[in-house]
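Encoded as structure tokens, the structure appears first; notes follow it.
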Amino acid sequence: MCGIIGFTGRLDAVDVLLHGLAELEYRGYDSAGIAFFDGPAVDTIKTAGKVQILADKVERNHPKNIHCGIGHTRWATHGGVSDLNSHPHTAGQVTLIHNGIIENYMHLAAGMAAEGIYPVSQTDTEIAAMVINSFYEGDPIEAIRKAVKKLTGAYAFCIMFADRPGTIYSIRNGSPLVASHFKDGSVIASDMVALLRYSKDYFVVPENHIVVLTEEAITVEDLEGNQIRPEMLHVSWDVSAAQKGGFPHFMLKEIYDQPEALRNTIMPRITDGMPDLTQDGIPDELFTGCSRVILSACGTAMHAEMLGRNMMERLLRIPVSVEIASEFRYSNPIVDDKTLLITVSQSGETADSLAAIRLVKERGGKTLSVVNVKGSTIARESDYVLYTHAGPEIAVASTKAYSVQVAALYLIAFHWARITGKCTDDQVRALVEEFIHLPEHVSEVLSHDADIKAISQKLIDCHDLFFIGRGLDYALSCEGSLKLKEVSYIHSEAYAAGELKHGTISLISDNVPVIALATQKDVYAKMVSNIREVRSRGAMVIMLTGYDMPTEYGLCEHQIRIPKCSDIFAPILMVPILQFLAYYAAVGRGLNVDQPRNLAKSVTVE
Ligand code: AGP
6 MCGIIGFTGR
16 LDAVDVLLHG
26 LAELEYRGYD
36 SAGIAFFDGP
46 AVDTIKTAGK
56 VQILADKVER
66 NHPKNIHCGI
76 GHTRWATHGG
86 VSDLNSHPHT
96 AGQVTLIHNG
106 IIENYMHLAA
116 GMAAEGIYPV
126 SQTDTEIAAM
136 VINSFYEGDP
146 IEAIRKAVKK
156 LTGAYAFCIM
166 FADRPGTIYS
176 IRNGSPLVAS
186 HFKDGSVIAS
196 DMVALLRYSK
206 DYFVVPENHI
216 VVLTEEAITV
226 EDLEGNQIRP
236 EMLHVSWDVS
246 AAQKGGFPHF
256 MLKEIYDQPE
266 ALRNTIMPRI
276 TDGMPDLTQD
286 GIPDELFTGC
296 SRVILSACGT
306 AMHAEMLGRN
316 MMERLLRIPV
326 SVEIASEFRY
336 SNPIVDDKTL
346 LITVSQSGET
356 ADSLAAIRLV
366 KERGGKTLSV
376 VNVKGSTIAR
386 ESDYVLYTHA
396 GPEIAVASTK
406 AYSVQVAALY
416 LIAFHWARIT
426 GKCTDDQVRA
436 LVEEFIHLPE
446 HVSEVLSHDA
456 DIKAISQKLI
466 DCHDLFFIGR
476 GLDYALSCEG
486 SLKLKEVSYI
496 HSEAYAAGEL
506 KHGTISLISD
516 NVPVIALATQ
526 KDVYAKMVSN
536 IREVRSRGAM
546 VIMLTGYDMP
556 TEYGLCEHQI
566 RIPKCSDIFA
576 PILMVPILQF
586 LAYYAAVGRG
596 LNVDQPRNLA
606 KSVTVE
């Protein structure tokens, strides 16, 4: 997915666009570009590479007195990374930027080729510009209205028409857009972080509505021409929350944000020592009325669900399944009006997770989502939403979002167990009593940063390593492995420890690092056996274990202990250790930790 921004008003539009793109770069950074009205003409400056390369190019001939323009930072989907394929794209009178995928662009291109009209790039975006231009006879809104009827796929467009200086048009379907009119003009972008410098009040652009931005105002109308007044939202965090705050990387800052993120997510939902979801407006019937529970998400969010599932089954004693959203959406799932889908998503824009929600709703199921971004598409399309309060997560590798996602799922499980009588009030109160102190214990884990960094140096030069665990530790090892892979590019595999000897142990040889997670008392002895097995084959073992778990000489090379806690809460205390290991391995390898290659913060395309 990509980051897009548009501005028109009294400020230096080039400055607004470049600052905005820097804030949006986490969404994609293969190439970047801007287009702007410079007098009567529309000029475009674009280049492969990151936003800074664009900024340098722009500075070489910084255009003056520019007050209307659009900007784009790209995560390549159709067409390789090149200057030519960079956005913005121009076709005739139309210059636009795009976040999304036009799925029928080849068909549209063939139709225009038959008329002798050919694109110059390999992108679906240019085709979209050509389609809009083909309908343009002086009325931008009419041209957009006709063009979108031809397009299939996800899109968020910012569009300029050469003979409409000072005005930006926008429309979206499936890809995110937020907008704000403030004292110096109008601004629109993929994410609120790019608007924060100008206003904390914004609205989510309604899907399939045409937005017109001028210096004086923003208007919104549906495809039938009916003007609407979108619901205004107010963001509670400020610009500093979306900046590094003195840390070298967003990822490290966000690892350290976890105690506060947990407190902000948990404490508003605790009343008199008991879970209280009143503020979320989730009716008890949503839980008491279902007979099947499906947790569905992608990546780290799906790993959080693996822990949530364990807690739900432990307390509720009903079957709960975790489904990879990209698999679930094509699996022809068994869904009825007694099915509850719980989706987890930091961005609230992940295409596969959104598709799973739409599928379950089509088949009569109910949907609840745990989301970090207010007003996001998944939040708005779910029947009910429980917002995590982690604040903006800028690093591509998700850290604090994972912790608060687990905490939110645990809260749901506690509340659900209480209202269904599966747990007594005393049992729930005891769980909550320990739960609300987790932020303090996470802070204690964070204080071992330097020790963990020292151990991480052992990983920098390795090519393959294994994470092993059982039960909750296995679920957590999946997240530890993903973190390490996505930021350090070191290949790793998470393995159920009891499964290792059924084949994969053949890969264990001298000095192969094995990170063994062993906090679960009921399977600790088995874990020790598994650790001995890999040690006997030469593995270098880093063991993560509980405060008071017994150990033996020579069992491991390094041991990291977490503060005393119940087994069910151990993952929340352990995950910062895994995040530190991944972070310092990546830093030690000299990599761009916040923007790993090939990745994007939110995958809004499938
Ligand atoms: C997290 O480190 C990854 N970048 C990725 O797996 C992410 O968790 C996944 O794409 C889901 O994103 P979402 O939470 O915004 O839906």
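My numbering puts the first residue of the sequence shown at 6, with every later residue one more than the last.
Every residue gets a Cβ at the ideal spot worked out from N, C-alpha and C, and that includes glycine.
Computed from a predicted structure; not experimentally measured.
Residue environment, residue i, which counts as buried when at least 16 other CB atoms sit within 10 Å
i, result
"T429", "exposed"
"P576", "buried"
"N66", "exposed"
"Q284", "exposed"
"H468", "exposed"
"K188", "exposed"
"N213", "exposed"
"N315", "buried"
"Y123", "exposed"
"Q462", "exposed"
"G121", "exposed"
"T550", "buried"
"T372", "buried"
"M548", "buried"
"K154", "exposed"
"Q127", "exposed"
"N516", "exposed"
"K69", "exposed"
"Y174", "buried"
"Q232", "exposed"
Span of the alpha helix (DSSP H), counted from its first residue to its last, around residue i
i, result
"T382", "T382 to E386"
"V21", "A18 to L29"
"E212", "Where E212 is concerned, there is no enclosing alpha helix (DSSP H), given that its DSSP letter is neither H nor E."
"L487", "L477 to S493"
"D572", "No alpha helix (DSSP H) holds D572; DSSP gives it neither H nor E."
"G116", "Y110 to A118"
"A459", "D454 to S461"
"I122", "Looking at the DSSP string, I122 is not in any alpha helix (DSSP H), and its letter there is neither H nor E."
"S448", "L443 to L451"
CA-to-CA distance, residue j to residue i, given in whole angstroms
i, j, result
"Q57", "R32", "15 angstroms"
"E332", "V349", "15 angstroms"
"I176", "V210", "8 angstroms"
"R434", "A413", "16 angstroms"
"A302", "K569", "31 angstroms"
"V598", "M307", "22 angstroms"
"H186", "M197", "13 angstroms"
"R363", "I457", "42 angstroms"
"D227", "M165", "19 angstroms"
"A114", "I132", "6 angstroms"
"S180", "S511", "45 angstroms"
"D357", "E611", "6 angstroms"
"D342", "D129", "39 angstroms"
"Q600", "D431", "46 angstroms"
"E147", "I137", "9 angstroms"
"Q351", "L578", "20 angstroms"
"S493", "H24", "28 angstroms"
"T49", "A194", "18 angstroms"
"E484", "V327", "14 angstroms"
"E398", "H92", "25 angstroms"
One or two residues paired with residue i in a DSSP bridge
i, result
"Q564", "M548"
"S180", "Per DSSP, none; premise fails for S180."
"F472", "A499 and I520"
"E226", "I215 and Q232"
"N535", "Paired residues: none, contrary to the question."
"V1", "Nothing about residue 1 can be read from this structure; the chain reaches only from 6 to 611."
"G14", "G190"
"N104", "A161"
"I631", "There is simply no residue 631 to check, as the chain begins at 6 and stops at 611 in what is shown."
"D206", "H239"
Residue range of the unbroken beta strand (DSSP E) whose run includes residue i
i, result
"R79", "C73 to R79"
"A46", "A46 to A53"
"I39", "S36 to D43"
"I58", "Here I58 belongs to no beta strand (DSSP E); instead the alpha helix (DSSP H) covers V56 to E64."
Interface flag, residue i vs chain D, CB-CB below 8 angstroms
i, result
"A114", "Structure shown: chain D not included; a single protein chain is present."
Quick check on the DSSP output: what are the complete beta strand (DSSP E) runs of length 3 or more inside the region 276 to 358, in order along the chain?
The DSSP assignment places 297 to 302, 325 to 329 and 344 to 350 as complete runs of the beta strand (DSSP E) inside the region 276 to 358, in order along the chain (cut-off: 3 residues).
Residue ranges of each beta strand (DSSP E) within the region 233 to 280, 3 or longer:
Listed in chain order, the complete beta strand (DSSP E) runs (minimum 3 residues) inside the region 233 to 280 are 237 to 239.
Just list the beta strand (DSSP E) runs in the region 360 to 441, keeping only unbroken ones of 3 residues or longer that don't cross its boundaries, in chain order.
As summarised for the region 360 to 441, the continuous beta strand (DSSP E) elements at least 3 residues long and confined to that stretch are 371 to 376 and 389 to 392, given in chain order.
Which whole runs of the alpha helix (DSSP H) in the region 138 to 200 are 4 residues long or more, in chain order?
Qualifying alpha helix (DSSP H) stretches, in chain order: 145 to 153.
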